[in-house]
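Going down the list, the protein sequences come from chains G and F.
Residue numbers for the first sequence follow the numbering used here, so the first one is 2 and each next one is one higher.
Residue numbers for the second sequence follow the numbering used here, so the first one is 31 and each next one is one higher.
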Amino acid sequence: MTVRAAFVYRTDIDDPHCWAQTFEEGRIRLQERLGDVVRTTAHERVGEDEAGRDLLARLADDGADIVFLGSKGYQPFVLEIAADFPDTRFDICQGMRLAPNVSSFREAVEEIAYVSGILAGGMTRSGLIGVPVATGHEVVYLNAFALGIRAANPEARIHTRTVGSWMAPEREAAAVHELADLGCDVIGGALTENDTVVLTAAARSCYTTVRNSDRRHLAPDHVLVGNLVDWTPHYVATVEAVAAGTWRPSWRYYHAGDGVVFNTEPADFVPEALALQARRAAEAIRAGRLDLWRGPIRNNRGEEVVPEGRTLADVLTEVEPLPGLTAVETYLPTDAHDWLLDSYLGAPFHRPPRLDMRIKTG
Amino acid sequence: MSDVLNLAWVVSAITLATPLILAMLGGLISERSGVINIGLEGQMLVGAFTGVLVSYLTGSAVLGLAAAVGAGVLCGLVFAALTIGIHADQIVAATAVNLVGAGLTAALVPIVWGVDGISPEVARIPAVSVPGLSSLPILGDVFTKLTVLDYAAFGLAVAVWWLLFRTHLGLQLRACGESPEAADTAGVPVRRLRVVAQLCAGGLAALGGASLSLATIGLFVASMSQGRGFLALAALLFGKWRVWPAVAVCLLFSLVDALQLRLQIIESAIPHELLIALPYLLAVLALATFVGRAAAPAAIGRPFTRR
């Protein structure tokens, strides 16, 4: 049997965020890897609207065995379509609900953000790191990055500026300029996926990071490290399960050890001791030997989140884990994770609620 | 609060206001001459793209700026040919300018640079330190961070104000917008002046777009104007088609815009999405309440033919 797999992206395949590219590269490798077992199609610029709904229904109607969805924004109507087409499976990146034919997969962004944080913390001279925040919903990235910074430099502090969206070039530039003016000499965070942030940081002689696609060439003297995602292992495993008839909906949470998330090598100009620290951390994470969320962790409201000697897993006793996930994996992407590490300067974190975007537990 | 309301806020606001002011001035000239111009957004994108393209090809951001203005004037010429030449509906023609401006620039990125959506980094307009002013206490810092375009926006506002309201040519141009028939009777070349106004509008809007791409960022991103052409239009209406009130509105929008760069870090019960929408909500509110109907040029939107 040939598995018919459709890939749906929210944006252009080559959109500047490179987020769709990570899926597309995975699709191409999947096709190479499995050959005749799978027949893939890619659909870019699919809106999270009626037109998108129509496309998903058409894909299902045409007999797609599995549809990989590159955005959780499709979630609201996927469940309805899935109910109408029980023979088509839907696999949503960072999805928030399961159904008999709806599954969810997610990358452990915290593990690569942490390694970037180590390099950021180790490279700052001023002890101040600047983070342009997109919407405030990337709190997992923010905290893991800060924990990495703390691991390399406990004294370092983090300034933020909120851009308010994932694509607003002139505001990103304004944010980076303000952070540099505050004395930050390293710029990081989830928005370093955008060229504007990277290039503005370099123009202000700040070190920076890159995300989602390896664009270290943008500023070779300033980019410390990249965060990359490769979905191939997930696609291969999923399509093989579909072909074998063993596919079941599940919450998948891919770690560095699964080969889905990884960091590039630290830049040449990073001092050897620091590069070694970053590599060792990455290696320990891959091997499952390093728990990032180890206490003491205090938030910037002055509250203790994890006491000394304990880990986040120890204190999340109230959280009911989703099937197949740990309590920590369940908790991190939810709105319950509403604090920022005490390294973040400024008044406490406030995040607007996401309507209909909460992970349904239980 | 000093972390929120400080000089960096003002600098960011001025930087963010520059493209708005430039595009608004273009719209002002156009509408004062009697032609509705909702095509500012498309013209901004053409300017942003051309500026980066020429800066990329020549290595000179100044040449990029010049080319951006040239491309904007060309856009204005096309728009003028459609609306004044063959009396095409001004709203429809301007919508076409917007669609073509956004579509064509986005489509050209992969053709020119081989990647979708974003250009490589190019030579940009640097910030200048103003001798004297930059050594002022407290305020001095502001005068080291702005580019020549930020100053030019204010300079051009003065120029446009002077031209429109203090010269005979300006009077004639405004007459074309209020009562083209009367102006025609008085010997004013109505259609020719309206064409000139369109060329100026295109050039200014494109300069605004180029200030987005060449001054602050140094690269072109598809659809990078993000509705700023329409915001400029709102500022124009809010300012009742007068230069200084409209400039003030542009600054107000940008102050709010820059304010919310730093609002997330203070405890706030207001959803952040609402803050982002604030300049636009202000615009809607302004349009729905303060703007008197009589403020618009009387003959705006009406093609002129001599009977």
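Beta carbons are placed, not taken as given, at the ideal position from N, Cα and C, and that holds for glycine.
Partner residues in a beta bridge of R280/G, as assigned by DSSP, do not exist. The Cβ atoms of D66/G and R28/G do not sit closer than 8 angstroms to each other. Secondary structure at W232/G: coil, using DSSP grouped into helix, strand and coil. Contact between C230/F and G56/F holds: their C-beta atoms lie close to 7 angstroms from each other, under 8 angstroms. With fewer than 16 other CB atoms across the displayed protein chains lying within 10 angstroms of its CB, H117/F is exposed. Of the candidates L75/F, W192/F, L312/F, I330/F, the residue whose Cα lies closest to the Cα of V127/F is L75/F. Under the three-state reduction of DSSP output, H44/G falls in the strand class.
The contact set of L200/G on chain F, defined by CB atoms closer than 8 angstroms, consists of E151, I247, G248, L249 in chain order. Burial state of H160/G is buried, judged by a 10 Å Cβ sphere holding 16 or more other Cβ atoms. R311/G is positioned such that its CB atom lies closer than 8 angstroms to that of G296/G. In the three-state reduction of the DSSP assignment, S105/G falls in the strand class, which pools E and B.
If you look at P133/G, you'll find it in the beta strand (DSSP E) that goes 129-134. For T48/F, the closest C-alpha among the options A313/F, A288/F, L308/F, T215/F is that of A288/F. Cβ contact annotation for V316/G (same chain, cutoff 6 angstroms, sequence separation greater than five): V307, in chain order. Residue pairing by DSSP places V68/G opposite A7/G, F91/G in a beta bridge. Annotation: L326/G to W252/G spans about 7 angstroms, alpha carbon to alpha carbon. For a Cβ distance threshold of 7 angstroms, residue set I247, V251, M254 of chain F lies close to P170/G, ordered along the chain. Listed as beta-bridge partners of G227/G by DSSP are V211/G. Check the Cα spacing between V251/F and each of R172/G, R299/G, V132/G: the tightest is with R172/G. CA-CA distance, S165/F to T174/F, rounds to 9 angstroms. Here E49/G carries a coil assignment [DSSP, helix/strand/coil]. Listed in chain order, the beta strand (DSSP E) runs fully inside the stretch 246-313 of chain G are 252-255, 262-264, 305-307, counting runs of at least 3 residues. One finds D13, I14, D15, D16, P17 in chain G with Cβ atoms closer than 9 angstroms to the Cβ of D146/F, taken in chain order.
In terms of beta-carbon proximity, A265/F stays away from the interface with chain G, with every pair separated by 8 angstroms or more.
Interface with chain F (8 angstroms Cβ-Cβ cutoff): T23/G is excluded. Here D50/G is exposed, its C-beta having fewer than 16 other C-beta atoms within 10 Å. Within a 10 Å sphere around the beta-carbon of D186/G sit 16 or more other beta-carbons, which makes this residue buried.
The alpha-carbon separation between P156/F and S117/G amounts to approximately 30 angstroms. Taking the Cα of T125/G as reference, the smallest distance to any Cα among A135/G, L225/G, L35/G is reached at L225/G.
Residue burial annotation: G137/G is buried, with at least 16 other C-beta atoms found within 10 angstroms of its C-beta. Around the C-beta of S344/G, 16 or more other C-beta atoms lie within 10 Å, and the residue is accordingly described as buried. The C-beta of E151/F has 16 or more other C-beta atoms within 10 Å across all chains shown, which makes the residue buried.
If the five residues before and after D37/G are omitted, its C-beta is found closer than 7 angstroms to the C-beta atoms of T3, all from its own chain and listed in chain order.
For E179/G, the residues of chain F that pass the 9 angstroms Cβ criterion are A38, W39, V41, S42, A288, L291, R292, in the order they occur in the chain.
Residues of chain F whose Cβ lies closer than 7 angstroms to the Cβ of A176/G are, in chain order, L291.
In the displayed model, A326/F falls within coil according to three-state DSSP, outside both helix and strand.
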